[in-house]
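In this note's numbering, the protein residues as written are 13 to 265.
Ideal Cβ placement from N, Cα and C applies to all residues, glycine included.
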Amino acid sequence: MPERRRPYVAGNWKMHKTVAETAAYMDELKRVLPADPPADVGVCVPFTALAAAVEAARGTAIKVCAQNMHQQAQGAYTGEISAPMLVELAVNGVVLGHSERRQYNCETDRALQDKVPAALAAGLEPILCVGETEEERDGGETERRLRHQVQEALEKVPPEQLGDVVIAYEPVWAIGTGRVATAAQAQEAIAFIRALVGDRSKEAAERVRVLYGGSVKPDNAAEILSQPDVDGALVGGASLDPNDLAAIVAACG
Ligand code: PEP
């Protein structure tokens with residue numbers, strides 16, 4: 013019997029919270045989280061707040077993640093941040109390929125092909141975001157889109173490291189819209205993503221954590237999180253309130 017995957021709930025703050033707000037948030041999150049939460053808990057914070065979040069998370073199990081990084085370790089890439097820079101801050105992970113970065117910042121599957129292994133090589137846990145648009149879903153293109161995104165982004169990851177990647181299935185039409193996917197839609201897409209990983213390594217498919225993201229709130233989390241292949245949630249808007257993030261963590265129990 014394979015070991016049960018530990019759920020993971022990560023809050024993506026997007027472009028929210030100053031350093032002062034981060035310290036207050038972390039104090040409240042530490043206060044409301046139980047000593048032994050039923051899931052790994054992470055916060056994905058703006059670059060400017062990473063050091064404050066790491067400091068506040070010290071001595072707890074809360075993971076601190078960045079929201080992007082460059083694939084090169086250093087170089088003439090004005091405005092970019094590299095994996096070694098995040099590691100120096102004792103950051104634990106990094107969100108890669110979020111749909112907002114694909115939409116507004118020209119993030120490409122080709123760049124992700126280098127970003128995912130660069131994060132792993134540096135000791136950062138990547139949270140790779142994939143997901144179809146509404147037009148793709150309506151046009152019956154969901155699986156084709158997911159196959160392309162997953163295969164391309166993981167192409168340079170060796171099979172024995174595939175299970176170290178966290179994948180977030182985030183249908184674009186569900187992000188920030190209040191239109192959460194049904195539990196059946198989330199389960200179907202995530203089982204498909206797991207099978208894609210399984211095409212490379214059966215062991216990795218059992219181990220890889222695949223989260224759902226898109227309008228997860230305390231009142232809809234339990235149903236989605238109860239699906240057999242859904243290993244947790246990447247939470248945007250609701251994560252801005254530490255009480256709501258903690259309530260979603262509790263829904264994993
Ligand atoms: C996200 O930003 O990854 C996300 C899922 O946002 P929201 O929960 O607000 O839809």
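Check	Outcome
Starting from the C-beta of T145, find all residues in its chain whose C-beta is less than 7 Å away, skip the five residues before and the five after it, and write them out in chain order.	V184, W185
Let me check you understand the geometry: is the CB of K75 closer than 7 Å to at least one non-hydrogen atom of the ligand PEP?	no
Based on Cα-Cα distance, which residue from T30, P19, L41 lies nearest to S251?	L41
Between E148 and the rest of its own chain, which residues show a CB-CB distance below 7 Å, the 5 nearest in sequence each way excluded?	T154, R157
Is A250 a contact residue of the ligand PEP, with contact defined as CB to any heavy atom under 7 Å?	yes
Count the C-beta pairs between the stretch 124-133 and the stretch 102-114 that are closer than 8 Å, then say yes if the count reaches three, no if not.	yes
Does the separation of the CB atoms of P58 and W25 fall below 8 Å?	yes
Indicate the three-state DSSP secondary structure (helix, strand or coil) for I74 in the structure shown.	coil
Consider the C-beta atom of K29 and the heavy atoms of the ligand PEP; say whether any pair is separated by less than 7 Å.	no
Can you name the start and end residues of the alpha helix (DSSP H) that L101 belongs to?	First-last for L101: undefined, no H or E at that position.
Could you compute how far the alpha carbon of Q79 sits from the alpha carbon of P240?	27 Å
Under 8 Å, with one C-beta from each stretch per pair, do the stretch 62-79 and the stretch 192-207 reach the 3-pair mark?	no
Determine the DSSP secondary structure at L208, reduced to helix, strand or coil.	helix
Closest to A51 by CA distance: which of V21, I179, G210 is it?	V21
Return the first residue and the last residue of the alpha helix (DSSP H) that A180 is part of.	Counting along the chain, A180 falls outside any alpha helix (DSSP H), though it belongs to the beta strand (DSSP E) covering 178-181.
Have a look at A35 and V66 and give me their C-alpha separation to the nearest angstrom.	10 Å
For the ligand PEP, I want to know if N117 counts as a neighbour, meaning its beta carbon is within less than 7 Å of at least one of the ligand's heavy atoms.	no
Would the beta-carbon of I187 be found less than 7 Å away from any heavy atom of the ligand PEP?	yes
Note down, one range per segment and in chain order, each beta strand (DSSP E) of at least 3 residues found wholly within the stretch 83-160.	105-108, 137-142
Whose C-beta lies closer than 7 Å to the C-beta of R159 among residues of the same chain, with five residues either side of it excluded?	L208
Kindly list the residues whose CB is nearer than 8 Å to the CB of L132, restricted to its own chain and excluding five residues on each side of it in sequence; keep chain order.	P138, V169, Q173, D176, V177
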